[in-house]
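J.: After the structure tokens below, expect a handful of questions from me.
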Amino acid sequence: MKDERLADVIAAITALGTYKFYKLDFTGWATRISGPSKGALHWEQVFREHPEFFRFDHNEKKASLVWRRQFPRNFNVDDEPEIAPDHDAERTTESRVSRKPLKEAEVTALIGIAINLHERALEQKIAGYWWIPVATAGLAFVGALVGTILPKWL
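Quick note: to get this note's numbering, add 855 to the position in the sequence shown (first position is 1).
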């Protein structure tokens, strides 16, 4: 488990689930998710370490959300009620068609899954330390025995 990983996964799910284009390269997602604070390599690593949520195109250069990839490519990004400030009119008509963004309830469901997976991983990590109290009790018992028997021999 990595520090701040859950926050990164939640941020990535939110961005990849709601942005008008369903897939971008790692630099594009880095800009959309965190701006200059975390680079493309950081987000590529997050996407690669969480295949339960993210997939790559055939060139392994662009990432998308698994759930969103299941939708047909029939969402015209220009038919939105508002044109986003980063609207690029020079793109071809073909590139202006994407997969529809997730609904708020779908994004919330994915975030809930991420939180549950994180909690399970944390529980497994904690369960891996079961032997510490047993070893402590065992050493205390051995210490008590030595403390009782040793003075009789001296």
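Ideal placement from N, C-alpha and C gives every residue a C-beta, glycine not left out.
Does the pairing of the segment 885-901 with the segment 957-967 give three or more beta-carbon distances under 8 Å?
T.: Verdict: no, contact absent.
J.: Name the DSSP bridge partner or partners of arginine 860?
T.: As a position in the sequence shown, residue 860 is number 5, starting the count at 1. Per DSSP, none; premise fails for arginine 860.
J.: State the DSSP-derived secondary structure class of lysine 1007, mapped to helix, strand or coil.
T.: In the sequence shown, counting from the first residue as 1, residue 1007 sits at position 152. Lysine 1007: helix per DSSP, three-state reduction.
J.: Among Asn931, Tyr874, Pro927, Val932, whose alpha-carbon lies nearest the alpha-carbon of alanine 918?
T.: Here the question's residue 918 lines up with position 63 in the sequence shown. Among Asn931, Tyr874, Pro927, Val932, the Cα nearest to that of alanine 918 is on Tyr874.
J.: Tell me which same chain residues have a C-beta within less than 7 Å of the C-beta of histidine 913, skipping the five on either side of it?
T.: Here residue 913 refers to the residue found at position 58 of the sequence shown. Counting only Cβ-Cβ distances below 7 Å, and skipping sequence neighbours, we find nothing.
J.: Can you tell me where the beta strand (DSSP E) with leucine 920 in it begins and where it stops?
T.: Within the sequence shown, residue 920 is the residue found at index 65, counting from 1. Here the beta strand (DSSP E) through leucine 920 covers 917-920.
J.: What are the boundary residues of the alpha helix (DSSP H) that includes lysine 955?
T.: The sequence position of residue 955 within the sequence shown is 100, counting from 1. No alpha helix (DSSP H) contains lysine 955, which DSSP labels as neither H nor E.
J.: Would you mind working out which of Leu1009, Asp863, Val1001 sits nearest arginine 903, comparing C-alpha positions?
T.: Residue 903 sits at position 48 when you count from the first residue of the sequence shown. Among Leu1009, Asp863, Val1001, the Cα nearest to that of arginine 903 belongs to Asp863.
J.: DSSP three-state call for arginine 805: helix, strand or coil?
T.: This structure gives no information on residue 805, because the portion of the chain shown stretches from 856 to 1009.
J.: From this set, Gln925, Glu899, Gly894, which residue's C-alpha is nearest glutamate 915's C-alpha?
T.: Counting from one through the sequence shown, the residue named residue 915 turns up at place 60. Ranking the options by Cα distance to glutamate 915, first place goes to Glu899.
J.: Taking the alpha-carbon positions, what's the alanine 990 to threonine 1003 distance?
T.: Residue 990 sits at position 135 when you count from the first residue of the sequence shown. Residue 1003 sits at position 148 when you count from the first residue of the sequence shown. Between alanine 990 and threonine 1003, the C-alpha separation is close to 20 Å.
J.: Work out the CA separation of tryptophan 986 and proline 906 for me, nearest whole Å.
T.: Indexing the sequence shown from 1 puts residue 906 at position 51. Indexing the sequence shown from 1 puts residue 986 at position 131. The straight-line gap from Cα to Cα measures roughly 32 Å.
J.: I'd like to check one pair, phenylalanine 909 with arginine 954: are the Cβ atoms closer than 7 Å?
T.: Along the sequence shown, read from residue 1 onward, the residue named residue 954 stands at position 99. Along the sequence shown, read from residue 1 onward, the residue named residue 909 stands at position 54. Not closer than 7 Å, so no.
J.: Taking the continuous beta strand (DSSP E) assigned at phenylalanine 909, which residues delimit it?
T.: Here the question's residue 909 lines up with position 54 in the sequence shown. Element bounds for phenylalanine 909: 909-911.
J.: Bridge partners for lysine 878 per DSSP, in chain order?
T.: Along the sequence shown, read from residue 1 onward, the residue named residue 878 stands at position 23. Answer is Ser919.
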